[in-house]
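Notes follow once the structure below has been shown.
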Amino acid sequence: MTASKIISDSPVRPTAADTELLASAQATALAVRDLYQAAVAAGAGGEHVACLVSIAAHHDAYAQSISSLIGRAAPQARDSEVFSANEADFGSDTMATALAAHALENSLVAAHTEVIGMLESTEGAALIASMVIIEARHVVALAAIAGKSPIDDTDLFLVTPEAAQADAQTTTTVA
């Protein structure tokens, strides 16, 4: 089967299964938006407050775009588990918030990349792919806000938390 055949056989509009995946992505986007807003409200950001506000706005825009794609099936509410699991890390300390946000955005890049492969519709896949591109840029910007260097802190820029954990579980020491 050729790539053009696969693409031409794909539905343009989201399927029922796609709608579930996209609804979950919207709820996550709203939770992440709320985390950034909570950090800014707590005093995080300093000279980088505009960056945190912009990243929050990006996640709000993702949620709006998903809503326009799936209509009434969009939950329009944040994923409370995502918010609660990360809330303590998004406080007034700019560096701690940037590092927590870096890890979260990195996880979103990995998760959303996986979702792209699960989506059947071209519109859904294109939307999530556009989000991944920006989330990956967030990762780099947040590392810089936290004072990290792509030269000195290579793993922070190139390794996802999931990959680091998997590597730690498979690494053996040689005596």
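The sequence shown begins at -5 in the numbering used here and counts up by one.
Ideal Cβ positions, reconstructed from N, Cα and C, are used throughout, including at glycine.
Since we're looking at a predicted model, the values are computed, not measured.
Query: Cβ distance (whole Å) where residue 52 is taken to contact residue 128 below 8 Å; Result: 6 Å
Query: Same chain only: Cβ atoms within 6 Å of residue 91, ignoring 5 sequence neighbours per side; Result: 33, 38, 84
Query: Exposed unless 16 or more other CB atoms sit within 10 angstroms - verdict on residue 108; Result: exposed
Query: Coarse secondary structure for residue 93, derived from DSSP in three states; Result: helix
Query: When 31, 59, 73, 140 are compared against residue 97, the one with the closest alpha-carbon; Result: 140
Query: Local conformation of residue 113 per DSSP, three classes; Result: coil
Query: Residues of its chain near residue 99, where Cβ-Cβ distance is below 7 Å and the 5 sequence neighbours each way are ignored; Result: 129, 132, 133, 136
Query: Inter-stretch contact at 8 Å, needing at least 3 Cβ pairs: the segment 56 to 63 / the segment 15 to 32; Result: yes
Query: Local Cβ density within 10 Å of residue 103, reported as buried at 16 or more and exposed below that; Result: buried
Query: Local Cβ density within 10 Å of residue 6, reported as buried at 16 or more and exposed below that; Result: exposed
Query: C-beta contact flag for residue 72 and residue 123 at 7 Å; Result: no
Query: Nonlocal neighbours in the same chain, by C-beta distance under 7 Å from residue 67, ignoring five residues either side; Result: 13, 17
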